[in-house]
Structures are given as structure tokens and as C-alpha cells.
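Engineer: Before anything else, here's the structure in question.
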Amino acid sequence: MSDADASGGSASGPPANGPQAPESATAALVEAARESDLGLVVGTLLVIYAAATLLTFSDGLNSVVGLLETLTFLGLVYALTALALNLQWGYTGLFNIGVAGFMAVGVYTMGMVVRSPDPAFGPPGLGLPLPVGIVAGMGMAALLGAVAALPALRLKADYLAIVTLGLSEIIRLSLQSSTFDNFLRDTIGAGTGGGRGMGMPDNPVRDLFLVDGQAGTPTALGDLVFGVFGNDGLGISHPILIGWGYIAVLAAFLVAFYLILERLGRSPFGRTMKAIREDELVANSLGKDVNLVKIKVFVIGCALMGLAGILWFGSQGNVSPTPQFRPLLTFYVFIAVIIGGSGSNTGSVLGGIVFAAALFEGPRRVGGVVRGLIDAETPPSFADALVSLDPVTFLAYATDNIAPLQFVFLGIVLVFIIHRRPEGILGDRIETAAAVDLSERPNGGESDE
Amino acid sequence: MGTTDSSIVDSARARPGLLFVALLGGLLLVDLAAKLAGVGLGPIGGSLSVDRLGSNLWSGIVIGLVIGLAGIGLSMTYSILSFANFAHGDLVSVGAFSGWGVAFLIAGFGDIPARALLTVRDAGNAAPGDIGAHILTTPGGILVGLLAAFVVTALLAVALDRAFYKPMRDRDGISLLIASIGAALIVRYLLQFVYGSDRRGITASVEASNIAFAPLGLSVNAHELTILVAALGLMLAMHGMLQHTKLGTAMRAMADNKDLALITGIPAERVVTATWIIGGGLAGASGYLYVLLRGTIQFDFGWLLLLLIFAAVILGGIGSVYGAIAGGLVIGVVFTTSTIWIPSDFNQAAAFGVMILMLLLRPEGLFGGVTTT
Amino acid sequence: MSSDAPDRSDAADGDAAADPGDATDPGDLGAAEAVAATDGAEDEPEANDSAVEEAAKHVPSGSPSGTPPLRVEGLVKRFGGVTAVDGASFEVESGSLTGLIGPNGAGKSTTFNCITGVHEPTAGKVYFEGEDVTGLKPYQIARKGMVRTFQIARELGEMTVLENLMLAPQGQLGESAIRAVTPGLRGAVVEEETELRERAWETLEFFEIDHLAHEHAGNLSGGQRKLLEMARALMTDPEMVLLDEPLAGVNPTLEEKLLDRIHDLRADGYTFLLVEHDMDIIMENCERVIVMHQGSVLAEGTGDEIRNDERVIEAYLGEDL
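First to last, the sequence lines map onto chains A, B and C.
Read in order, the letters of the first sequence correspond to residues 1 to 449 in the UniProt record's numbering.
Read in order, the letters of the second sequence correspond to residues 1 to 373 in the UniProt record's numbering.
Read in order, the letters of the third sequence correspond to residues 1 to 321 in the UniProt record's numbering.
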């Protein structure tokens, strides 16, 4: 309870006690929230796991573990991307809605650098090692971030939104273009594959379990894991088990992202970011080089988006510009940040996990289960469902066409949050922007009690 | 508008980037001239027929008119309500679906179940050729459809405003922008839910509907002419409304200086409602006309068009109705003529590129709109 | 929260006012000591010592050579066809509290904005400590030691009062993203932050807003925001502070407190340029007064000289000088 002491005038009598009580209560809440950040994330995951298990337990262990794997993967990749966006938007107020473009640049650059120069299918690459590709992908995204920062230096937030959206569409259309593909093949010897996209390099995690990534030739580790959990043990399919292996890698990256961004936020740099979000002119008048900080934030954030793109789509076998990198992807990430409360790193992680489970993957699974329970033929169109005047038939149509309804639901959630809870799930921007505990008061104050 | 020339010169002096772009534009024009003349001067020049240029320009103008028409509403809501409405593109789609539903109903009434007609071929087939979805065969149906597109979209725009935007009038532009993204998702995917997700043909092709203008090497079809007439008509009506009615004066005042307008007693909410009716209605009409031009419809075509509409509005200067029309024409022409220099899969990117350059070099728009940074 | 604040300010204010000798003692944040005393810190001699030491460290060096810290020459600013400032020239003496007055639209705020780099002047020069700073960016000017406050207080609403203050110091190690993140380098950042936190607390005490340290700045009352702005400006360790109507919208009690603080700091060697609408405040508090009218300087001199200046009386015809 150092905070009670910190507010100082405990010696100056009752009038000062009034303001102290709520202050220390807030501080206690902040403290509790901070201490239980990990607890909050794990707790949320457990609730999601429980719900998913309830939904699929009748299909057997393999289905349950498979669904959990999907939900965890999506939760982690959304959390990663939301963290990167939160640095730009939540902390600094830079409204970048070109996230999809930066992710695409990251993963495409990685693919082009790492792919074999003479592949069986698809465009040639440079044939360099994977780490080089990852660094190149982040570097390229960072470079593009620096370019995108130029408009951020002089434009209002809504103009910046349009510019970044335009930029991400230019990126997508360029990757889609076969002319651009050929041009790159001619100049640097690596292509994008145009509209068909490109296959991703082998996932090293797969090689941990399987020799050369070939199914049927497990490594020692693979033998052990498959023996216990796999077909010879609990009966979980091998791809799902390898998927969990990759999730461990993602989780490690998430922790690293989180720690880096927390440190960045809790520092004088973080204070400057917050100040720019609140009032640029004030930051400028206090001697902060606002433009330089904005460029740095764009570069760091976009590099992380590039890395998130690599970790996410690089593990998906094949990437193609459309529909993977449509602006819709950016909005997903935005919704994740908004749910968690922009400005909070823990909120972004939670927002990513909740978004992936409750808004992205959840509705279609629930819809599928409900459809399974209905004994009615699906009418061919909405109008046919409507004129049938039968609620069950209509429900059959709705659950069979759950995808659009899911987006409608997303839109409603977005509007609802903006109307009712603009601060998100986690509440206000409570994260301290200093490298030391501000609730602690040096010398004088504390020795009062 | 009177000081346009001097302000362009001034800003060229102040910003070398603009000068560079002007030089580049000049170079492209020289190159174009060389191409037309069939002269090759090193990297520039080449060959290009007058016919191709003419038809590129013409289709650019037609697309530009449709984009400009949609841009009017976006520009109006931007200046009067101070936010970038990301749901505007989906209003364009709503106009197209509702309008063509009505047009189909009129064209094919009696022969084909109404539900197939109203859902524009989602629930059962209605071949456009059979019902005569063409301006020459059922001009009445097509025109009533245009009206329906306007009315339905205007109503939806007002409803969205009441439900989503009115409770947050005092919030900042970014909050409203995010709410509009939510509204866009709701509208777009309800369209998909009701009308289905497949792209389908809408208009019939009619022999001998092309009129050739031999001297220009242009071939103009009846639908393009319809669009020209309808778009120009709507724009003229808009112009008359803005210049000669009390409502128009109030709108211009609100767009110019909201605080001042409120002090002078302009009924803000009524002006806002009128803005949504007109802006939404024009968006719906433009969506309807866009389908007339392209001949096909898909639930998300308006959303895909949105960035081009934004480009037009930004080019013309946000807040300026006439700027939106001019910006639409520029974007339309860039869209179609850029293929002379760059591969056709880059023409959309070229239009976006022009928009970004514009925002960087002259954010107040070509004609110096109301809102500047 | 803010409803309780005036009570405390009243008490503190009385205390500070009762000790004028201390307050004018140069080289010593006298009032800070007085406040510390009311907080019962007398059992803590160490705290007082460090407060004095800290304060001594941050007293501006002044300009020994006698160059005026601020010199404005023929400043012109046009917006489109409107000329807001039309050839204004004046000087501010080192260690002075100079007032800048003028009727509405005289160009005071625009002059301020031109000096601090918010606007680029159309013509003319601004010299700070003999150095040409015309057309520099606001942050460059702030780094040279000239910092400003705003007419309408611009607090950073979603940051706490303490964070607002800790933002201000120049050249913090942790403003480098690399240092803030890298394990080996962060130690120095944390160390510096600990020092900054201490300085921030002392500055808060000096302005008697330490009880608000953890409050979001957006929750402060208008007067408290003005105090916060001034405290934040001082945290940049400036040579000169430009105050844009620091007393507008401040209640009389707080107003007195703010003026006391300004006098204390001036006695410590800070130079102040004060724009104020209220003639009486300028006349009573500033030893030099600059009068602007229609974009240029109409008169310059002591309060008495200004009071009796025919041109000023004419410009303010109808207003009671």
C-alpha cells in the first residue's frame, strides 16, 4: 500500500484523506490486474477450452484436441498481430489500417528468400536459410513501415487510415499481378507466384518430429510423443501433435513480443508515445522529436507485423494474396485490439485470444453443431427459406450459411463496443509509462507512517 | 475557386514534390503524344491508336461519373459529420441489389416467381435476356429501378444513422470511423445472407444498341448513354438543390463551419438527416448504374469500389461536392488510361497511388476543399 | 477528487503567503520547503536537503554576457491575406518577468506561436540567447531552453500527473527505444527514472499538487491543469518560460498561488514572458511591459510608463488603464 503514502499529505488532516481512499483502491485494482495478467490469460484460455470440449467431446478425443489446437493457434497469432498494432494505434494513436499489407510483405519476402531456386512447383526463390528469410521479411516490412510513416507525419488520423488501407491494397494487387511476378523473377531471380501464390518453406518444427518432414519417419522425439499421444497411445493424429509443437514456438514468440513491448511502453519512450497520442503539439513543445518517434513506432510495429505474418501464414503451407491478405484481415486484428482495450498489451493478448475463439472460429463451430441437430433440408436460398414460413427450415438455412451471419455478428460487436465500452474488456489505459514503479514515492512521503 | 491558379502555383513553389509530379505528368503527356504519332524516341513513344485512347477516355469518363456520383455522398458526410464513412461502399451495393430487384420485378412480372426476381436471380433463375433487362427493351423498369435504388438506400442510410451514428455525435472521427466499419460489415454480410455470394450477370445484351461515333472512333452503347444522362441529371439536381434551396444553403454552411452554422440557428439534425438521404440515395443510384455498366453484381462490389470512391473524394478535396465529381472523373480516367503505360493488373493500384500522392502533396485536394490538415 | 482539492490548496496557499521572505530568497525553492514543512517532513532533514540540492542543480545559468535571452526582430506573420503580426520587435531581459499585452487580435498569440516554432514567421528573426532560432521546430526550440505553456491548458489527459511531469525532462536515456528494451542497457534507464521520479515529486510539491500525482490529468480542474502545465514546463529545465495566459479561467486563490510561484522562480533566475489579458495582473507583477497593437509593438516600458503612454491610452480608448 505504498500508494496511500505516496499521495503525500497524510499529515495535513482529513481533507486530504478523501482523495486518498479511491486512489489507493484504484492502485490496488491496478496492482491486482497486473499481478494476475498471466492468470487472466490462462483463465481465459481454460474457459475457451472448456467450451470447446463441451462442443466436441462426443466426437472423441482427437476432435477435441484438434479443435483446441486450432483455437490456440488462432488465438496466439491474433494476439501477436494485435500486440504489434497496439504499439502503433493503442500507444501512439497512429491509425494504421494496412496491417494485412505489412503481414503479406513479411511472409512473401520470407518465402522468396528461402524457397529453392529451382522448385518443383511455383516461383523460384533465393534458396537462403530460414533465419535469413525471417530477418529479411521483418526488414522489408520495417522498410515499408518507414515509407508508410511519411504520411503519418503530416496527415490527420482518418487520412492516414485511408492511405494505409490504400497501401495495403497496392501491396495485395502487386503480389497478385503476374507482371510483377515476372519482373521480380527477371531482376532478382525470385518470384511471387502472382494470383496462385507460393508454397511456404518447410516448417522446422515438423522436422523436430519427422525426419526431413516426411510422414512415417519419426525422429526420436517424434517416436516418444507419437508413442504416448499418437496413434499408438491416446489416438491423436500426428499433424495435430505437430501443430501443438508449433504452438509452443508461437507461445515463446508471444512472450518475447509481450516483454519487448511492455518494456518499450514502460519507459521514457513509452511516455513519449502516449504523449503523441494525447497531444502532439504538447510533446513537440516539450522538446520531443515527434516525427522521429512516429517513424520509429511505424518501423518497429511493422517489423513485428511482418514477423507475425511469417509465423502465421508461413506455417500454413501456401500463401496467396487474395483472399488471405484482404483488408478484412486488418479489421479482424483491429477488433481484437478494440476488444482488449487499445493501449493495453495484456488487453491485446486477451483480445486476440477471445476474438479468435468467440468471434472467429466459435460461431461456425456452433453453427455446425446446431445444423447437425436440425432435421430439415436446407432451402437453396434465403427467399426460399423465408417463404417456407417454417422457423426450423429458416434455422437450417441460417446455420448452413453461418459465415455471413458471423460477420454481421462481428459488426454488431464492434458497434456495441464503440458505443458502450470504448475502453474494451480490460478497462481504461492503465498501463504505467515509466521504467520505475510510480506508486512508490521516494524518501519523504513513505516514512510518515 | 477564383484563386485556384495562383494557389496551385504557390504550392508548387512551396513543395518541390508537387513540381516533380507535374513534370512526370508532363512527360507522360509527351509520351502519349509520341505514341499517338507513332514516333519512338528511345524509352518513350511507341504506338497507340487514337481509337484505343478514345475508347479508354470514354470508358474512364463513364466510370468516373459513377464514382463521382457515389463520391458526392461520401464527401457530404465527411464534411458535415466529420468522419470517413467506411460503410459508404456497402450503401452502393444496397442500391444495386434493391434497385435491380425492383427493375427485374417490373421486367419479368408474371412470368417468373417474384422471389427469383426480387433477389436478383438468387432464388431461382431469371435470365436477363428473357426478361429483357435492358434500357432499350424495358426502359420503364430500368428507370423505376433507379428510383427504387435511391429511395431504399436513402432510407437505410437514415436508419443506420439513427441506430449507429446518432448516439455518438459528440465522439471523435476515429470512433465514428470504427463504428462505420462495424456498420459496413453488418450491411455487407446481410446482403450476402439474403442475396447469396455468387457473382451473376444482370443486364441483357441487345443487338444494335451500340452507336458508333465514327470520327472519334468511339463506340458508345445505350447503357453508357443512360449512365451519362442519369448521372449528369442527378448531379445537376444536386447542384440546383445546393445553390437554390434553403436546405442547400444550410448544408454548405454546415460543411464550411459547423460551429458558426450552429450558432446562426441552422437545425443541425435536420441537415444531417437530409445529408444522409441525399448522400445515401446518390450512393444507391451510383451502385445501380455501376451494375448497368458492368453487367454483373456481387455482394461486396461496393466495398471493393470504396477505396476508389475515397480516392475521388480526396482528389477533389474532401467536403467539396463538385470536387468529388471532378475527382471521380480523374480517377476514372486514370483507371482506364493507365493501362497505356502499365500492365492492366496495376490500374487499380495506379488509382490508389494517385490518391496517396495527392494526400501527401496537396491534402486539400485539386481544388482546395473545405477540410485541410 | 477535484472537489476536495481547493480545500487543500487554500490551506497550503495561506502558508506560502505567510512566508514571503522565504519565497523571494534566490537560489532556493523556498516555497517547496514551506510545503514540505506542512507535510510534516521536519523529522526528515534528508528530504529537505535533497530538495534544496535538486533545486540548486536546476536553477538556470542565466546569461552572464548580458545578451538578452529573447530578441524578436521585425517579426511578420501572414495567414493568406491576413497579417496577424506586422513587424514586431522587442527584447526580454535576462531574469525578468516581462508582460505582453494588447487588445484582442493584436497578434500576441501568433507572436508566441512564431517564437516557439508552432508557426513559421513570414519574415523577421527570433534570437534566443543570441542564437538565431527562426523557423526551428517547436522541439528544437524547447531543447534550447525556451519552453511554453498554452492558453487553454493542454494536459495529457490519459496520463497521470506524475507521468505528465516525467515526460518533460530533455534527453532522457530511455527515449531511445533500444535502451528501453535491451536487458543490459535498461539498468541505466531505471536509474535515471528513479532520479526523475524524485524530481517530479519535488516539483509537484513546489506547486502543491502532489496530492494529485496519481490522478489522470484529464480529471483535474481548470486551475490545477494550469499548475500542471507550469510544473511540466519547469521539468524541461528551461532558461526561459513563455506563459500564454496562465491565469485565464483560474480562481482567485489559485491565481495568487500561481503568481507566487512565478515570482519565486523568477527570483531563482528563470526568465518569464507572460501574455495576459488582465491588465491589472500585468501592471502589478511585471517589471517590464510590452504593448502590442495591430500586429506590432506599440510601447515598451515599466508599468507606470505604459500607464501614462498616450498611444497606449488611445489604443485602449474606452478601457480603464
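The beta-carbon is built from N, C-alpha and C at its ideal position, and this holds for glycine as well.
Against chain E, which members of the region 338 to 357 of chain B pass a CB distance test of less than 7 Å?
Structural biologist: Judged by its chain identifiers, the structure shown contains no chain E, and its protein chains are A, B and C.
Engineer: Quick one: residues in its chain with C-beta nearer than 6 Å to the C-beta of residue 330(A), no 5 flanking neighbours on either side, listed in chain order?
Structural biologist: Excluding positions up to five away in sequence, the list reads 97, 99 and 100.
Engineer: Whole angstroms is fine: what's the gap from residue 183(C)'s alpha carbon to residue 134(A)'s?
Structural biologist: Computed Cα separation, rounded: 23 Å.
Engineer: Is residue 305(B) closer than 8 Å to residue 94(B) when the C-beta atoms are compared?
Structural biologist: No, these two residues do not count as a Cβ contact at 8 Å.
Engineer: To the nearest angstrom, how far is the alpha carbon of residue 319(B) from that of residue 191(A)?
Structural biologist: Cα-Cα distance, rounded: 43 Å.
Engineer: Please confirm whether residue 104(B) and residue 131(B) have their CB atoms less than 8 Å apart.
Structural biologist: Yes; because the gap between Cβ atoms is below 8 Å, this pair is in contact.
Engineer: Please name the residues in the region 183 to 200 of chain B whose beta-carbon is closer than 9 Å to at least one beta-carbon of chain A, in chain order.
Structural biologist: Listed in sequence order: 183, 184, 185, 186, 187, 188, 189, 190, 191, 192, 193, 194, 195, 196 and 197.
Engineer: I need the boundaries of the alpha helix (DSSP H) containing residue 332(A), first residue and last residue.
Structural biologist: From DSSP, the alpha helix (DSSP H) with residue 332(A) extends over 327 to 340.
Engineer: For residue 199(C) and residue 191(C), what's the separation of their Cα atoms in angstroms?
Structural biologist: Spanning the two alpha carbons is a distance of roughly 13 Å.
Engineer: How close, in whole Å, do the beta carbons of residue 325(A) and residue 103(A) come, if the pair is a contact with beta carbons under 8 Å?
Structural biologist: So it is a contact: roughly 7 Å between Cβ atoms.
Engineer: Check residue 170(B) in the structure and name its three-state DSSP category.
Structural biologist: The answer is coil: DSSP assigns residue 170(B) none of H, G, I, E or B.
Engineer: Beta-carbon of residue 169(A) versus every beta-carbon of chain B: anything under 8 Å?
Structural biologist: Yes, its Cβ sits closer than 8 Å to a Cβ of chain B.
Engineer: Starting from residue 301(B), find everything on chain A with Cβ-Cβ shorter than 9 Å and list it in chain order.
Structural biologist: Simply none; closest approach about 14 Å.
Engineer: On the DSSP bridge list, what partners appear for residue 296(C)?
Structural biologist: According to DSSP, residue 296(C) bridges with 293(C).
Engineer: Which partner residues does residue 291(A) have in the DSSP bridge list?
Structural biologist: According to DSSP, residue 291(A) bridges with nothing at all.
Engineer: Comparing alpha-carbon positions, which option in 437(A), 383(A) and 150(A) lies nearest residue 191(B)?
Structural biologist: For residue 191(B), the nearest C-alpha among the options comes from 383(A).
Engineer: Interface residues of chain A around residue 359(B) at Cβ under 8 Å?
Structural biologist: In chain order: 151, 155, 159, 162 and 163.
Engineer: Of the choices 327(A), 356(A) and 241(A), whose alpha-carbon is the least far from that of residue 340(A)?
Structural biologist: Closest by alpha carbon: 356(A).
Engineer: The beta strand (DSSP E) that contains residue 159(A), what's its start and end?
Structural biologist: Residue 159(A) -> not in any beta strand (DSSP E); alpha helix (DSSP H) instead, spanning 157 to 176.
Engineer: Just to confirm the assignment, what range does the beta strand (DSSP E) spanning residue 148(C) have?
Structural biologist: Element bounds for residue 148(C): 146 to 148.
Engineer: Closer than 8 Å, CB to CB, is residue 431(A) near chain B or not?
Structural biologist: No, residue 431(A) lies away from the interface with chain B (no Cβ there is under 8 Å from its Cβ).
Engineer: Does DSSP put residue 197(A) in a helix, in a strand, or in coil?
Structural biologist: Correct three-state label for residue 197(A): coil.
Engineer: Figure out for me which residue from 236(B), 275(B), 106(B) and 310(B) has the closest Cα to the Cα of residue 351(B).
Structural biologist: The shortest Cα separation from residue 351(B) among 236(B), 275(B), 106(B) and 310(B) belongs to 310(B).
Engineer: Can you give me, in chain order, the residues of the region 96 to 128 of chain B that have a beta carbon less than 8 Å from any beta carbon in chain A?
Structural biologist: The residues in question are 115, 116, 118, 119, 122, 123 and 124.
Engineer: I want to know whether the region 311 to 331 of chain B touches the region 67 to 82 of chain B - three or more CB-CB distances under 8 Å.
Structural biologist: Touching, per the Cβ criterion.
Engineer: Is the beta carbon of residue 95(C) sitting closer than 8 Å to the one on residue 302(C)?
Structural biologist: For residue 95(C) and residue 302(C), no; Cβs fall outside 8 Å.
Engineer: Output yes if chain B places a C-beta closer than 8 Å to the C-beta of residue 384(A); else output no.
Structural biologist: Closer than 8 Å to some Cβ of chain B, the Cβ of residue 384(A) qualifies, so yes.
Engineer: Are the region 359 to 366 of chain B and the region 184 to 202 of chain A in contact at 8 Å, needing three or more beta carbon pairs?
Structural biologist: Too few Cβ pairs lie closer than 8 Å, so no.
Engineer: Between the region 113 to 132 of chain A and the region 141 to 150 of chain B, do three or more beta carbon pairs fall short of 8 Å?
Structural biologist: Contact fails: fewer than three Cβ-Cβ distances are below 8 Å.
Engineer: Span of the beta strand (DSSP E) holding residue 78(C)?
Structural biologist: Note, residue 78(C): beta strand (DSSP E), 70 to 79.
Engineer: Classify residue 166(B): buried if its beta carbon has 16 or more other beta carbons within 10 angstroms, exposed otherwise.
Structural biologist: When all chains shown are included, residue 166(B) counts as exposed.
Engineer: 8 Å is my cut-off, CB to CB: does residue 287(C) come that close to chain A?
Structural biologist: False, the Cβ-Cβ gap to chain A never drops below 8 Å.
Engineer: Assuming residue 145(A) and residue 302(A) form a contact by the criterion Cβ under 8 Å, report the distance between their Cβ atoms to the nearest whole angstrom.
Structural biologist: Right, their Cβ atoms sit about 3 Å apart.
Engineer: Report back the beta-carbon spacing between residue 269(A) and residue 180(C) to the nearest angstrom; my notes put them in contact at under 8 Å.
Structural biologist: Yes, residue 269(A) and residue 180(C) are in contact; Cβ-Cβ is about 5 Å, under 8 Å.
Engineer: What is the DSSP secondary structure of residue 239(B), counted as helix, strand or coil?
Structural biologist: Here residue 239(B) sits in helix by DSSP.
Engineer: Quick one: what's got a C-beta closer than 8 Å to residue 209(A)'s C-beta in the same chain, skipping five residues either side?
Structural biologist: Answer for residue 209(A): 218, 219, 221, 222, 225, 226, 238, 241, 242 and 245, listed in chain order.
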